[in-house]
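Engineer: Pasting in a structure now, in C-alpha cells, and then I'll have a few things to ask.
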Amino acid sequence: MINKRFKGIILGTISLFVLTSIVTLYFSSIKNGTIFLGADKEFHLARIDTLSKLLVSGRLYTGVNPYMLNHFGYANSLFYPDFLLYIPAIFHSVGLSLAKSYVLFLWLLNFLTLISSFYAYFYIKRNYKGALIFAFFYTFSMYRFIDLILRMAVGEAQSFIFLPWVLVGIWEILEGNQKKWHILAISMTLMLISNTNATITTAIMLVFIIAFNIIKLIKEKIKFISLIKAALLAMGLSAFYLLPLLEQFLNQKFYVNSHPTLDVAPTMVPLKLLIEESFHNHAHAIGIGTVLIVCWLIVLVRINKLSYFEKTLFITASVILIASSTIIPGFVYDDTLLHVIQFTYRLYEPITLMLAFCSAAILERISNRIILGLILCIPVIITIKMTREYQPEGHMSYLQVNQTNWEKDPKSIGGFAEFLPKDADRFKNFYIKKREIKYDKSNNFTVNNVKFKDGETAFDFDGTNKTELRLPITYYKGYQAKLTSGNGEVGTPFLNNQGLVSIRLKGKGSVSVQYRATFLQILGTIVSIVVSVSTIINMYIGNRCRKNEESLNESN
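So for the sequence shown, this note's numbering puts the first residue at 3; every next one is plus one.
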C-alpha cells in the first residue's frame, strides 16, 4: 500500500512538472506557432543549427565550428562549451525543425531544472513540501525566466540545472558527510561547462559560505581537506576545457583583451529601483521578483527557525544583493577581476538559489494543502503574466526561424564578439559574398581548384617563389596544412594582421588546410577521462564498502 502511494506521489509530481514546464512557455514559445526570440537569438540558434550540421557530417566535436561567421569559422566549442546544446542539435539533425527543436529544448530546461532543484532540496532536508516549494520558487523565478526568454541566455539557463547541487556539495562538506566532497566537484564542473559567468558568480557565493564557516573548517581539518579535494577534482574533470582555453589565450589576443566590452558600473542599479522592479514583475524588469522579495521579508522575521547553514545562505544572499546595486562603488568591479561578469544582475542567479532555499525551509512547515497549492501557483501565474507581456514584434513564426540563415548574421558570434582575434574586423572581413584566397599574383604564383567543404580548404598551387597566401579562415591555434600531392614546400599556418590564417607555399602541389586538435586539447581530454573513470571507480568501491559495513553492523 505504501509502495503504491509512493509511486502515485512520484508520478503526480512528475506530471505536475511536465505540465507547468509547458504552461509557462505557452505564450512566449508555443501559441500560434510563434516564438519570442530574445537578445542572443542569433548566437544560440546559429550554434544549434551549425552543431546539427556537424553531426550530420559525422563529426561530434571540431573545436572551431567551420560553419559560423559566414563559414570563416569561430571557436565556439573552445570558449563556450556546447554541452547541453547537443540535445536540440540532435533533435534538429534527425529531422525536427530548428524552431521546434529549440522550443522542445526550452521545455526540457524547465523540466530538468524542476527535477534537479526538487531532488537537491529533498536530499538535504528530506521534506517533500519544502522540495516542491523550492523547485517552483527557483525554476519559475523572475530572473531565470528573463534569462531563458528575454535575454535568451541559454548557457546561463543551463547552469540553473546544476547550481542546486553545488549547494548540496558544500552542505555535505560543512554539515553532512564530508566523504561526499565529490558532489561539489562534479556540480562545479557541470556549471563550468554550462556557463563560465555563472561559475564565477557561484564561486563568489561559495567564498561567502566558506567565510561564514571558516572556524569550523579550521577546527575540523577533514572538512577543509575535503574542500581542497573537491577543488582539485573539479580542475581534473574540467581539464578538457581549461587547458585548451588557456592555450588559446597564451597564443594570441582576442577582442575580449583588446576591445573592452563595457564597464560594469553603468549597468548597476540603485537598490530602491531593484526592489521596485522586482515588485513590478514585468517582462523587462531588473530584479529577483515579488515572490523572493516578499520571502526575504518572511525569512528575516523567522530567521531563528533556520539552521546555521541556512542562515549563512540568507546573509550571503542579502550581502550579494546589496553588492549588485549602486551602494557598492563601481570600481570594485571595473578595476578588479570581477569585471569579467560584465553585468551585476548575473549575481541574481545565486541570490535566487539561496533565497528560494531559505524560503522553502520556512514555508515547508505549512500543513494546509490549499495554502500550499496557492503558494505553488503564485510563481507560475506571475511567470505566465510576464511571458504574455512580450511584444508581438519580438516574435517570429516557426517558419521564419527555420528559413533564416543564422550563421551568416554578424551577431551569430555574440554581441561582443569576445573571441575573435584582436585584429579581425568582424564586419569588413567576414560578411563578403565570395570567399577567396588572397596573394600577390605578380609573384609568379598561381592557385587553382579551390574547394571549401566542411571546414577543409583544399587547392592546387604552383610557383617558384615562396608566397604568402591569406586564407578566408579565422585563425585559432590548431590549424594544420598538409601536402596531399606534389613536392612543394608547405609552411605552418600562422596568424596574419587581419586575424585570419596565412600560409607560405613554394613549388607545385596540392594542399589541405584544416583545424586539428592540439596537443593540449588531447592531453586535457585524456586527463578528464582518466579522472572521470577513477572517480566513478572510487565512488563505486566506496558505496560497496559502506553497504558491507552497514550489513555487518546489522548482523551484529
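Built from N, CA and C at the ideal position, the CB exists for glycine as well.
Would you kindly check if the distance between the Cβ of residue 164 and the Cβ of residue 192 is under 8 Å?
Structural biologist: In this structure, residue 164 lies closer than 8 Å to residue 192 by Cβ.
Engineer: How do the stretch 306-321 and the stretch 370-389 stand: do at least 3 beta-carbon pairs fall below 8 Å, yes or no?
Structural biologist: no
Engineer: Just the Cα atoms here: how many angstroms apart are residue 13 and residue 251?
Structural biologist: 49 Å
Engineer: Tell me whether residue 451 sits in a helix, a strand or coil according to DSSP, three-state version.
Structural biologist: strand
Engineer: Pick out the complete beta strand (DSSP E) segments inside the stretch 344-430, 3 residues or longer, and give them in chain order.
Structural biologist: Within the stretch 344-430, the complete beta strand (DSSP E) runs of at least 3 residues are 397-399.
Engineer: Between residue 210 and the rest of its own chain, which residues show a CB-CB distance below 6 Å, the 5 nearest in sequence each way excluded?
Structural biologist: By the criterion of a C-beta distance shorter than 6 Å, residue 210 is surrounded in its chain by 318, once the five residues flanking it on both sides are discounted.
Engineer: Note down the Cα distance separating residue 478 from residue 265, rounded to an integer number of angstroms.
Structural biologist: 27 Å
Engineer: Specify the secondary structure class of residue 191 as computed by DSSP and reduced to three states.
Structural biologist: Correct three-state label for residue 191: helix.
Engineer: With the cut-off set at 8 Å, would you say residue 441 and residue 472 are in Cβ contact?
Structural biologist: yes
Engineer: On the CB-based measure, 16 or more other CB atoms within 10 Å of its CB, does residue 84 come out buried or exposed?
Structural biologist: By the neighbour-count definition (other C-beta atoms within 10 Å, threshold 16), residue 84 is a buried residue.
Engineer: Given this structure, state the Cα-to-Cα distance separating residue 56 from residue 511, to the nearest angstrom.
Structural biologist: 29 Å
Engineer: Under DSSP, the alpha helix (DSSP H) around residue 127 begins and ends at which residues?
Structural biologist: 100-127
Engineer: How is the alpha helix (DSSP H) around residue 171 delimited, first residue to last?
Structural biologist: 156-176
Engineer: Between residue 116 and residue 406, what straight-line distance do the alpha-carbon atoms span, to the nearest angstrom?
Structural biologist: 32 Å
Engineer: Hey, would you say residue 208 sits closer than 8 Å to residue 172, going by beta carbons?
Structural biologist: yes
Engineer: Below 8 Å on the Cβ atoms is my guess for residue 494 versus residue 426; work out the distance and round it to an integer in Å.
Structural biologist: In fact, because the Cβ distance is near 20 Å, the residues do not count as touching under 8 Å.
Engineer: Evaluate residue 1 with the Cβ neighbour count: other Cβ atoms within 10 Å of its Cβ, from every protein chain shown; 16 or more gives buried, anything less gives exposed.
Structural biologist: Coverage of the chain is limited to positions 3 through 558, which leaves residue 1 absent and any answer about it impossible.
Engineer: Should residue 525 and residue 245 be called a contact, given that it needs their Cβ atoms to be closer than 8 Å?
Structural biologist: yes
Engineer: Does the distance from the C-beta atom of residue 51 to that of residue 408 stay below 8 Å?
Structural biologist: Going by C-beta atoms, residue 51 is nearer than 8 Å to residue 408.
Engineer: Judging by CA-CA distance, which residue of 59, 54, 80, 72 is the nearest neighbour of residue 65?
Structural biologist: Residue 65 has its Cα closest to that of 80, out of 59, 54, 80, 72.
Engineer: So residue 467 is in the beta strand (DSSP E); what residue range does that whole segment cover?
Structural biologist: DSSP places residue 467 in the uninterrupted beta strand (DSSP E) bounded by 458-476.
Engineer: I need the DSSP call for residue 233, collapsed to helix, strand or coil.
Structural biologist: In the structure shown, the three-state DSSP call for residue 233 is helix.
Engineer: Tell me the DSSP secondary structure of residue 179 in three-state form.
Structural biologist: coil
Engineer: Is residue 487 helix, strand or coil by DSSP?
Structural biologist: strand
Engineer: With distances taken Cα to Cα, identify the nearest neighbour of residue 446 among 46, 455, 467, 105.
Structural biologist: 467
Engineer: Is it the case that the stretch 142-158 contacts the stretch 167-181, given that we only count it when at least three CB pairs across the two stretches are under 8 Å?
Structural biologist: no
Engineer: Can you tell which of 343, 530, 470, 152 has its C-alpha closest to the C-alpha of residue 502?
Structural biologist: 470
Engineer: Could you check where the beta strand (DSSP E) with residue 505 kicks off and where it finishes?
Structural biologist: 502-517
Engineer: Would you call the CB atoms of residue 139 and residue 362 closer than 8 Å?
Structural biologist: yes
Engineer: Thinking just about the alpha-carbon of each residue, which of 238, 458, 455, 488 is nearest to the one in residue 529?
Structural biologist: 238
Engineer: Going by the CB atoms, is the gap between residue 74 and residue 89 shorter than 8 Å?
Structural biologist: no
Engineer: Return the CA-CA distance between residue 316 and residue 103, expressed in angstroms with no decimal places.
Structural biologist: 38 Å
Engineer: Which residues in the same chain have their Cβ closer than 7 Å to the Cβ of residue 16, if we skip the five residues on either side of it in sequence?
Structural biologist: none
Engineer: Nearest by alpha-carbon distance to residue 421: which of 354, 254, 338, 400 is it?
Structural biologist: 254
Engineer: Under three-state DSSP, which class holds residue 250?
Structural biologist: helix
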